[in-house]
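Please read the structure below before turning to the comments.
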Amino acid sequence: MVLPFLKLGVLLLKTLAKPIAAKLKQQAGVHPRFRQLIINIAQANHRITTNTQRRIYGHATDVEIRPLNEEKAVQAAVDLFGEIFIFSVGGVVVIFEVQRSSRSEARKEEVRRKELQELHQRGDTLNKELEDLKLKFAELETLAKGRGLSGLFNLKQVLPEEVKSANPA
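In case it helps, mature numbering (1 follows the signal peptide of the UniProt record, and there is no 0) puts the sequence shown at residues -17 to -1, 1 to 152.
And the structure:
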């Protein structure tokens, strides 16, 4: 019963992550201190990305990389923050699902372990009963051999007396 509501909650969270990311993008470009911070982050990201691309394509990496203008830097940084936010929400959802699934599997494994333990106990009980029956059968065979063939047919009438005499305790 909880699972459908949980899945709906996760879907709602993922759906709301995009507008929240858009609002963060909008607010990030407005505040002066934060704006300067994200410009610096965007410029560093631009340098790293450009150097990486140049290495991949086999171009020289010792050239000077022109910085982005302020508006492009702000836009690049807020896009980066938006993507990081959405990726983070998705990652948290995946981690949550994996943990929920592993807890469910652990419960199932515990139930299987208990069932197996009960089966082992039942097998041990049956083995003990079988041994008891074997002992009783051997005892009956011994009594029947002592009385001969006629002892088998009159066993019910004679058995209680002979068992008492055979087992003095």
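Don't be surprised by glycine CBs; every beta carbon is placed ideally from N, CA and C.
Query raised in the report: Which residues mark the beginning and the end of the alpha helix (DSSP H) in which residue 73 is found?
Result: Per DSSP, the unbroken alpha helix (DSSP H) holding residue 73 starts and ends at 53 to 130.
**Report entry** Nearest-angstrom Cβ-Cβ length linking residue 24 and residue 60, presumed shorter than 8 Å
**Finding:** About 5 Å separates the CB atoms of residue 24 and residue 60; that is less than 8 Å, so the two are in contact.
Query - Secondary structure of residue 48, DSSP reduced to three states - result: Coil.
**Report entry** C-alpha gap between residue 83 and residue 109, whole angstroms
**Finding:** Cα to Cα, residue 83 sits roughly 39 Å from residue 109.
Query raised in the report: With C-beta atoms as the reference, is residue 50 less than 7 Å away from residue 26?
Result: For residue 50 and residue 26, yes; Cβs fall inside 7 Å.
Query raised in the report: Considering only residues of the same chain and omitting the five flanking positions on each side of residue 71, which have a CB-CB separation below 6 Å?
Result: Excluding sequence neighbours, residue 71 sits near nothing in its chain.
Report task. Check the C-beta distance from residue 32 over to residue 38 and give it rounded, since I have them as a contact under 8 Å. Result -> The beta-carbon distance between residue 32 and residue 38, rounded to whole angstroms, is 11 Å. This is too long to meet the 8 Å contact definition.
Query raised in the report: residue -11: which of 14, 54, 77 and 17 sits nearest, CA to CA?
Result: The closest CA to that of residue -11, considering only 14, 54, 77 and 17, is found on 77.
Query raised in the report: If you draw a straight line from the C-alpha of residue 90 to the C-alpha of residue 97, how long is it?
Result: Near 11 Å, if we compare the C-alpha coordinates of residue 97 and residue 90.
Query raised in the report: What's the gap between the Cα of residue 106 and the Cα of residue -7?
Result: Those two C-alpha atoms are separated by around 49 Å.
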